[in-house]
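Mapped onto mature numbering (1 follows the signal peptide of the UniProt record, and there is no 0), the consecutive letters of the sequence shown carry residue numbers -36 to -1, 1 to 560.
Each remark here refers to the structure printed beneath this line.
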Amino acid sequence: MSGGRHRRRIRLVLPVVAATLAATVGGLLLTSSADAAPAVPTPVRSTPSAAQLDARLSTALAGDDIAGETSSKASLSASTGSATVDPKVIGGSTTTITNAPWMAQLWYGDDRGTSTTADDIGFFCGGAVVAPTKILTAAHCVKGYNWKAHGVVVTGTAQLPSEDAGGDVDLHGGTVSGVWRQWNYPSYNAATIDNDIALLTLPNPVKAKPIPMTTAGDTASYAANTAAKVYGWGRTTSTNENISDVLKTATLPIQSNATCSGFYEADFIAGHMVCAGTPASGSDTGTTSACNGDSGGPLVVGGKIVGVVSWGVRDCVKQGAYSVFTKVTTYVGATYPRIDDTEITGDNYADVWVRNSSTKTGYHLPSKGGSLGSRASWGSYSAWNLVVQADLNRDGYQDLIQRRTSDGDVYWRHYVPSTDSWVSNLLADNWKTRRAIVAPGDVTGDTLPDVVSVDSAGVVWIYPGKGDGKLGSRIQAATNWTQYDIVRGHGDFNGDGRADLIVRNKSTGAVYLYRGTGKAGTGAFAARLKVATWPTTTYNVFDTVGDVNGDGKADLLTRTPGGTLYLYKGTGKNTSAIFATRVSLGTGFKTYDLFG
């Protein structure tokens, strides 16, 4: 990569208390005609050119802006020089990308479309790879910015990019990517830095090994004095504002809510935030702390992210101060669905896959949020009697799990960008008598998508996904499921960040939610919760494809015997009221015999 700007040191100023620790492109284009040629649509996802990424990174490297505070250029302070410091989190030490392979550098560079650099916006934040196309970071690094147009993500290196006198940029072995989509927690408050969590979606998967987020209800990770590790490229001293050129880490003890509130008073919001570290000494000596430029980076306990670097005090070493992080366990229910949100058309709305019962032609019906668009053909599906939408390798391209009628063999059909082709791999042999096959997401809690099936005897089996389209040895989860005529699942229905199942009793019509626990074996699902009574005379098809209306909650589709398709929008409630009032998606769906 090359660029013509001269790199200035990155200046990230930290306001007093409750202020931020400051720091692809294109949709999935598919066949759109109602009756297209009988060929599987080819996904096309454009990404920024090398020149575009180069220009963005050059602008970001020259930036001196503060994430979350760039709405008015007049309010920004100018750069005042540079200095050299030891590369470490204040009180911490250097580390390698081998020790933290999931670390990501987030660079934002907007030249504002002008020839002058005076109005440019450029800043840096940290982040963590939580899935091959997903970067967890802070909302103050994302809210109000167009990362699709101006963002660059660098992974796979512990060193920041460097720019020589000629403007050439060295990534030091890292991989550079654009950004496809962005999301921040809807209730993020820039004034109080509350609900400070966000996700960036990349246009293509990166090779960096992901790190999982903690789960909902995790309390052990937040117990006082628990040792946590913070990672980042932030400031290394309170005496100037340079950030580190190499990755740093420090071990910080988790502090109790009472301790945090005792220092920060009302600025610390218990339940939404967690603080960590020993009380700062008032100088670099004796202080171990996250600092400016670490924003968005992870706080890790037991191999899982429990916090996101959020805010602190000016210069990070004020006597008695602690580093403040977003408490991830509180937000995993809203954040996890954004990690497992792959769909067909790439617009953030889960689509419907169907097969015409007469012609045996497969189609996808793109969701518009509250309605369905014109169908697009996937060609003949006469050889198959089951189709399930999934993303078994989390590469951002929707896969299909298909069962062949003749022998019951199950195949994983997935798109391979490098060869621009669809490939089918045998997933399971002779599942002809399986009563149900579903791909609900991550059932076992290892961040990898799994497959669940119910055999002819009513035994429920979990097949742990390996993240590459292959499945591990089966694990028995339940028995006596011959009582259910419908077993479906795709996503999290009760808002706890774990994949769930929806079933219906064939005799009574009672519909139950089996809530995922994130565990394998017989404890994989909690006791069933009745959510409705819908006999076959009410609905004869259930379909779970994920988040149809784009609000981050899993939804349910149902079809009446007369052919009307209804959308039950998920509420995310952990009660029987998991669905809102139904909305009609149209009539004429009686012609379809398979729903993905």
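Glycine is no exception: its CB is placed at the ideal position from the N, C-alpha and C atoms.
Just so you know, these numbers come straight off a predicted model, no measurement behind them.
Please report the distance separating the alpha-carbon of residue i from that of residue j.
i, j, result
"residue 484", "residue 417", "14 Å"
"residue 284", "residue 419", "60 Å"
"residue 423", "residue 313", "33 Å"
"residue 222", "residue 272", "20 Å"
"residue 426", "residue 393", "15 Å"
"residue 211", "residue 258", "10 Å"
"residue 561", "residue 382", "Because the chain here runs from -36 to 560, residue 561 falls outside it and cannot be looked at."
"residue 13", "residue 324", "40 Å"
"residue 31", "residue 11", "24 Å"
"residue 61", "residue 121", "6 Å"
"residue 554", "residue 432", "36 Å"
"residue 182", "residue 293", "6 Å"
"residue 599", "residue 520", "The structure shown has nothing for residue 599, since the chain only spans -36 to 560."
"residue 500", "residue 111", "47 Å"
"residue 353", "residue 268", "28 Å"
"residue 566", "residue 430", "Only positions -36 to 560 of the chain appear in the structure, and residue 566 is not among them; the question remains open."
"residue 413", "residue 289", "28 Å"
"residue 28", "residue 209", "15 Å"
"residue 173", "residue 527", "45 Å"
"residue 261", "residue 90", "5 Å"
"residue 438", "residue 428", "7 Å"
"residue 179", "residue 447", "31 Å"
"residue 119", "residue 109", "21 Å"
Would you mind working out which of the options sits nearest residue i, comparing C-alpha positions?
i, options, result
"residue 154", "80, 227, 265, 275", "275"
"residue 127", "287, 24, 413, 524", "24"
"residue 304", "551, 87, 230, 510", "510"
"residue 379", "364, 368, 446", "364"
"residue 530", "514, 547, 69", "547"
"residue 187", "447, 558, 219", "219"
"residue 551", "140, 524, 532", "524"
"residue 92", "108, 500, 354, 195", "195"
"residue 335", "143, 112, 532, 152", "532"
"residue 406", "95, 27, 496", "95"
"residue 116", "97, 403, 197, 70", "70"
"residue 453", "193, 287, 359, 522", "522"
"residue 481", "472, 475, 492, 471", "492"
"residue 175", "88, 528, 270", "270"
"residue 498", "508, 518, 478, 474", "474"
"residue 139", "66, 108, 87, 88", "66"
Apart from the five residues on each side of it in sequence, which residues of its chain come closer than 7 Å, Cβ to Cβ, to residue i?
i, result
"residue 450", "467, 468, 506"
"residue 298", "149, 516"
"residue 541", "535"
"residue 538", "458, 459, 460"
"residue 321", "555, 556, 557"
"residue 4", "342, 343, 386"
"residue 377", "363, 364, 366, 386, 388"
Let me confirm a value: residue i is counted as buried when at least 16 other C-beta atoms fall within 10 Å, else exposed. Which label applies?
i, result
"residue 361", "buried"
"residue 185", "buried"
"residue 171", "exposed"
"residue 388", "exposed"
"residue 494", "exposed"
"residue 68", "buried"
"residue 556", "buried"
"residue 384", "exposed"
"residue 421", "exposed"
"residue 129", "exposed"
"residue 137", "exposed"
"residue 513", "buried"
"residue 165", "buried"
"residue 192", "buried"
"residue 202", "Note that residue 202 scores 44 on pLDDT, short of 50, meaning its location in the model is unreliable and no value can be drawn from it."
Please return the same chain residues whose Cβ sits closer than 6 Å to the Cβ of residue i, not counting the five positions on each side in sequence.
i, result
"residue 106", "146, 148, 162"
"residue 564", "This structure leaves residue 564 out entirely; the chain is present only between -36 and 560."
"residue 308", "315, 328, 362"
"residue 189", "217"
"residue 64", "195"
"residue 215", "191, 193"
Who are the Cβ neighbours of residue i in its own chain at under 8 Å, not counting the five residues just before and after it?
i, result
"residue 295", "149, 159, 161"
"residue 151", "158, 159"
"residue 410", "176, 428"
Item to check | Cβ contact (3+ pairs, closer than 8 Å) linking the region 322 to 334 and the region 488 to 498 | outcome: no
Checklist entry - Should the region 15 to 27 be called in touch with the region 75 to 86, which here means at least 3 C-beta pairs below 8 Å? => result yes
Checklist entry - Taking contact to mean at least 3 C-beta pairs separated by less than 8 Å, is the region 356 to 373 in contact with the region 389 to 408? => result yes
Item to check | Three-pair Cβ contact test at 8 Å for the region 156 to 172 versus the region 94 to 109 | outcome: yes
Checklist entry - Within the chosen definition, does the region 80 to 90 reach the region 233 to 246 through at least 3 CB pairs nearer than 8 Å? => result no
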